[in-house]
Structures are given as structure tokens and as C-alpha cells.
Amino acid sequence: KKKQYDREFLLGFQFISASM
Amino acid sequence: QKVMSPETYIKHPLQNKWALWFFKNDKSKTWQANLRLISKFDTVEDFWALYNHIQLSSNLMSGCDYSLFKDGIEPMWEDGRNRRGGRWLITLSKQQRRADLDRFWLETLLCLVGEAFDDHSDDVCGAVINVRAKGDKIAIWTTDYENKDAITHIGRVYKERLGVPPKVIIGYQSHADTATKSGSSTKNKFV
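Chain order of the listed sequences is A and B. Sequential numbering from 1 applies to the first sequence in the numbering used here. Sequential numbering from 1001 applies to the second sequence in the numbering used here.
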């Protein structure tokens, strides 16, 4: 199944740190 | 002992790996030498880490481009996946640089990484933004100008996502026609 993400879901991650 | 849920430490994988390219117009160099790969990513988190780190398009010098393409596809007509392709082209007025340019480009990126065009997302090769004094341009590139169903689906969804009013017409042009055009405008294959 294709991994689809809508805009609100994606925008929710903009300011979550990705420094892992 | 505390058990962390996977959501807190596993990044959200994208369907595709994407490459962001930057073009800076230096007339002393060839077109290809002016094109640089910035970085690749394949998770939601790494997309934002890159996006938040780079300049907004509206801050770029005139003559610069950003391109976001699927890994393995170069942002040029000559690539095998682009050779028979074309683009949905959004042309912006000078006034729209302040009001719409950054918003439209981010929305374009979210459409690509989020696979907004359902099964027809497979036809998408990438997207390009051209920052130009005479008027900026944004386009989504697809792989085959004869795939009418995919192209029209992508165009409808894209126009809606950008919030372009229904009365405004956007056009799809083949790269072959763009490359061989004689005047300033290329004929539309689809609108």
C-alpha cells in the first residue's frame, strides 16, 4: 500500500526535531 | 522500566526517496555545472529538517531554481524518465512573489512527498521552481505526456491544493514542445 500523508499530517511535523 | 512507543523514535517513511537540487545562474559555467544536488531524504522528519534549513524561494536571487525529484531522476529534460514527459505549469505575476510563491512551493512539495495524486503519483517525476525577475514559475513534471488520465488527475488535485480559482486556466506542456518552441509560449497539451 502506498504511503500517503495529507497536508495537515505533514505540517504537524514541521517543528518536531529530527535530530535522531 | 518505561517502554517507549515506536512513534516516539521511528521516523515516518515516505513512499519515495527524494533529492533536492539547486541551480544558480552563473553565465561563465555550463547549465549542468550550475546544477547542484543539495541532499536526499526519505522520511517526513528529514524532509522538514532540510526544508527548515534552506532559504525560502522568495529570498533567492533571480535566476535560481530549486528542483525536487525522485531519487534517480535528474531534473532535466534529457533524463530517460523526463524525455517523453511534460509539466503542469503555474506562472506567477510579480505581485504573487510576496503573496503566493513560498506558499505554492511548499504546497507543491507536500503534494509530492505525501503522494497526493493517489496511484497517479507514480507518474510524477518531480517539481521545479524558477525564480525570475520577469515572473516566477512552478511546475510539476510527469513522465509521459500521453498518459491523459494521470495528467488530468494530477492537474485537478494540484490546482485544488494550490487554491487556484476554477476560472484560472493552467496548462500542461510536453518538454519536447518546450525545447523546440519558436516563440515565447509553448502550446498546451492539456488544460
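Note that beta-carbon positions come from the ideal geometry of N, C-alpha and C, so glycine has one too. All figures in this text were calculated on a predicted structure; none of them were measured in a lab.
Pick from B:Ile-1073, B:Gly-1126, B:Asp-1071: whose alpha carbon is nearest that of Leu-1089 of chain B? Comparing Cα-Cα distances from Leu-1089 of chain B to each of B:Ile-1073, B:Gly-1126, B:Asp-1071, the minimum goes to B:Gly-1126.
So that I know if they touch, is there some Cβ in chain A lying closer than 7 Å to that of Glu-1007 of chain B? Output row for Glu-1007 of chain B: interface = no.
With DSSP as the reference, label Trp-1077 of chain B as helix, strand or coil. Of the three classes helix, strand and coil, the one that applies to Trp-1077 of chain B here is coil, per DSSP.
Looking at Gly-1135 of chain B: is its Cβ nearer than 7 Å to the Cβ of Leu-10 of chain A? Result no, Cβ atoms of Gly-1135 of chain B and Leu-10 of chain A do not sit closer than 7 Å.
So which residues on chain D does Pro-1075 of chain B lean against when the C-beta distance must stay under 9 Å? Looking for chain D here will not work: the only protein chains present are A and B.
In chain A, which residues lie less than 7 Å from Val-1044 of chain B when you measure between Cβ atoms? For Val-1044 of chain B, the chain A residues whose C-beta falls within less than 7 Å of its own C-beta are Tyr-5, Leu-10, Phe-13, listed in chain order.
Alpha carbons only, please: which of B:Lys-1040, B:Leu-1162, B:Arg-1083, B:Val-1157 is nearest the one belonging to Asp-1119 of chain B? Comparing Cα positions, the closest option is B:Val-1157.
Is the number of C-beta pairs between the segment 1008-1016 of chain B and the segment 1040-1048 of chain B that are closer than 8 Å three or more? By the Cβ rule, the segment 1008-1016 of chain B counts as touching the segment 1040-1048 of chain B, because three or more pairs are nearer than 8 Å.
Euclidean distance between Cα positions of Ser-1005 of chain B and Phe-1069 of chain B: Those two C-alpha atoms are separated by around 33 Å.
For Val-1168 of chain B, tell me which candidate among B:Ile-1073, B:Gly-1080, B:Gln-1032, B:Leu-1092 has the shortest Cα-Cα distance. Of the listed residues, the one whose Cα sits closest to Val-1168 of chain B is B:Leu-1092.
Go ahead and pull the three-state DSSP assignment for Val-1191 of chain B. The answer is coil: DSSP assigns Val-1191 of chain B none of H, G, I, E or B.
Distance check for Lys-1159 of chain B and Pro-1165 of chain B, CA to CA, integer angstroms please. C-alpha separation (whole angstroms): 8 Å.
When DSSP labels each residue in this structure, what does Asn-1155 of chain B get in the three-state scheme? For the sequence presented, residue 1155 of chain B should be read as Gly rather than Asn. Gly-1155 of chain B falls in the helix class under three-state DSSP.
Please state whether the Cβ-Cβ distance between Asn-1130 of chain B and Lys-1137 of chain B is less than 7 Å. Yes, these two residues count as a Cβ contact at 7 Å.
On the DSSP bridge assignment, give the partners of Gly-1086 of chain B in chain order. Paired residue(s): B:Thr-1142, B:Ser-1174.
Through-space distance from Ile-1154 of chain B to Ile-1140 of chain B, alpha-carbon basis: Straight-line Cα distance between these residues: approximately 9 Å.
Once the 5 residues before and after Gly-1144 of chain B are set aside, which same chain residues still bring their CB inside 7 Å of it? Checking the sequence, you will find Asp at residue 1144 of chain B rather than Gly. Cβ within range, chain order: Arg-1084, Gly-1085, Asp-1123.
Between Lys-1 of chain A and chain B, is the shortest Cβ-Cβ distance under 7 Å, so that the two count as touching? Between Lys-1 of chain A and chain B, the shortest Cβ-Cβ separation is not below 7 Å.
Arg-1098 of chain B: buried (16+ other C-beta within 10 angstroms of its C-beta) or exposed? Exposed: under 16 other Cβ atoms inside 10 Å.
Alpha carbon to alpha carbon, what distance is there between Lys-1002 of chain B and Asp-1102 of chain B? Taken atom to atom, the span from the alpha-carbon of Asp-1102 of chain B to that of Lys-1002 of chain B is near 42 Å.
Measure the C-alpha to C-alpha separation of Lys-1189 of chain B and Ala-1150 of chain B and round it to an integer number of angstroms. Approximately 13 Å, taken between the alpha carbons.
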